[in-house]
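Participant: If you scroll down you'll find the structure; I have some questions about it.
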Amino acid sequence: MKRSIIALIVISGLLVCCKDSQEHEILELMTEIRTSFKNGNDSACLAQIDTLRSRFPKAIEERKEALILYQDAALRQSQKALARVDSLLEIEKERFAELEKFVMERKAQGEATAEELTSLTLQRIHRDSLQTQFDVLCSKIRYIRKRQEQIMENR
372 MKRSIIALIV ISGLLVCCKD SQEHEILELM TEIRTSFKNG NDSACLAQID TLRSRFPKAI
432 EERKEALILY QDAALRQSQK ALARVDSLLE IEKERFAELE KFVMERKAQG EATAEELTSL
492 TLQRIHRDSL QTQFDVLCSK IRYIRKRQEQ IMENR
């Protein structure tokens with residue numbers, strides 16, 4: 372009987388110690404998440420939040436805070452990518468228009484080569500690819516903002 376009580380006390384002590392250790396890990400991870408977010412390191416912030424989600428699924432309050440940071444970091448990351456893609460898309464549209472004008476003039480005269488037509492097709496594919504990226508990023512930003520509004524309404 373004495374051994375059972377002692378074993379129970381030891382196990383209880385270990386559980387309390389493990390819980391304190393786990394809470395300490397959660398607090399450290401949340402500090403890292405906040406620091407990464409404040410420093411604008413969105414990729415690291417998102418990765419650390421994913422770690423929090425997978426390692427500590429029962430840390431509800433911390434995960435709620437992390438969700439807000441996750442959305443803000445993803446939004447900021449998407450906005451940066453959108454600005455980059457928008458600039459590239461504008462340049463690509465201008466290049467395509469110039470190349471298309473040149474190739475179509477040569478085609479009308481019957482002088483367009485296969486290389487010129489292939490080049491025009493590849494340029495069109497590249498332009499369309501950038502346009503698709505632009506559209507996807509715009510949709511992602513709209514979705515994140517919509518989810519943020521829903522969260523704010525539910526508070």
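Last residue of the sequence shown: 526 (our numbering), numbering continuous.
Built from N, CA and C at the ideal position, the CB exists for glycine as well.
1) Between which residues of its own chain and L446 is the CB-CB distance below 8 Å, once the five residues before and five after are set aside?
2) Below 7 Å between beta carbons: does that hold for V474 and E487?
3) Is it the case that the Cβ atoms of A437 and F408 are separated by a distance below 7 Å?
4) Give the secondary structure of N412 by DSSP, where H, G and I count as helix, E and B as strand, and everything else as coil.
5) Give the single residue among A452, A483, R434 and K464 whose Cα lies nearest to the Cα of S414.
6) Three-state secondary structure (DSSP) at K429?
7) Under a Cβ-count criterion, where at least 16 other Cβ atoms within 10 Å of its own Cβ denotes burial, should E433 be classed as buried or exposed?
8) Per DSSP, what kind of secondary structure is R516 in: helix, strand or coil?
9) So, at 7 Å on beta carbons, what are the nonlocal neighbours of G384 in its own chain, with the 5 sequence-adjacent residues on each side left out?
10) For A378, which residues in the same chain have their Cβ closer than 6 Å to its Cβ, ignoring the five residues on either side in sequence?
Facilitator: Walking through what the data contain:
1) Stepping through the sequence shown from its first residue, residue 446 is reached at position 75. Cβ neighbours of L446 beyond the five flanking positions: I512, I515, R516 and Q519.
2) If you number the sequence shown from 1, residue 474 lands on position 103. If you number the sequence shown from 1, residue 487 lands on position 116. Yes, Cβ-Cβ distance for V474 and E487 is below 7 Å.
3) If you number the sequence shown from 1, residue 437 lands on position 66. If you number the sequence shown from 1, residue 408 lands on position 37. It is not a contact, given that the beta carbons lie outside the stated cut-off.
4) Counted from its first residue, the sequence shown places residue 412 at position 41. Looking at N412 - three-state DSSP - the assignment turns out to be coil, as it is neither helix nor strand.
5) Residue mapping note: residue 414 aligns to position 43 of the sequence shown, counting from 1. Of the candidates A452, A483, R434 and K464, the one whose C-alpha sits nearest the C-alpha of S414 is A452.
6) Residue mapping note: residue 429 aligns to position 58 of the sequence shown, counting from 1. Of the three classes helix, strand and coil, the one that applies to K429 here is coil, per DSSP.
7) Numbered from its first residue, the sequence shown carries residue 433 at position 62. In this structure E433 is buried. Its beta-carbon is surrounded by 16 or more other beta-carbon atoms within 10 angstroms.
8) Numbered from its first residue, the sequence shown carries residue 516 at position 145. Reduced to three states, the DSSP call for R516 is helix.
9) One-based indexing of the sequence shown puts residue 384 at position 13. For G384, the predicted structure reports a pLDDT of 49, less than 50, and the residue's modelled location is therefore unreliable. The matter cannot be settled from this model.
10) By 1-based counting over the sequence shown, the position of residue 378 is 7. Caution applies to A378, whose pLDDT of 49 falls short of 50 and renders its modelled position unreliable; the value that the coordinates give is listed next. Closer than 6 Å at the Cβ level, and outside the excluded window around A378, lies no residue.
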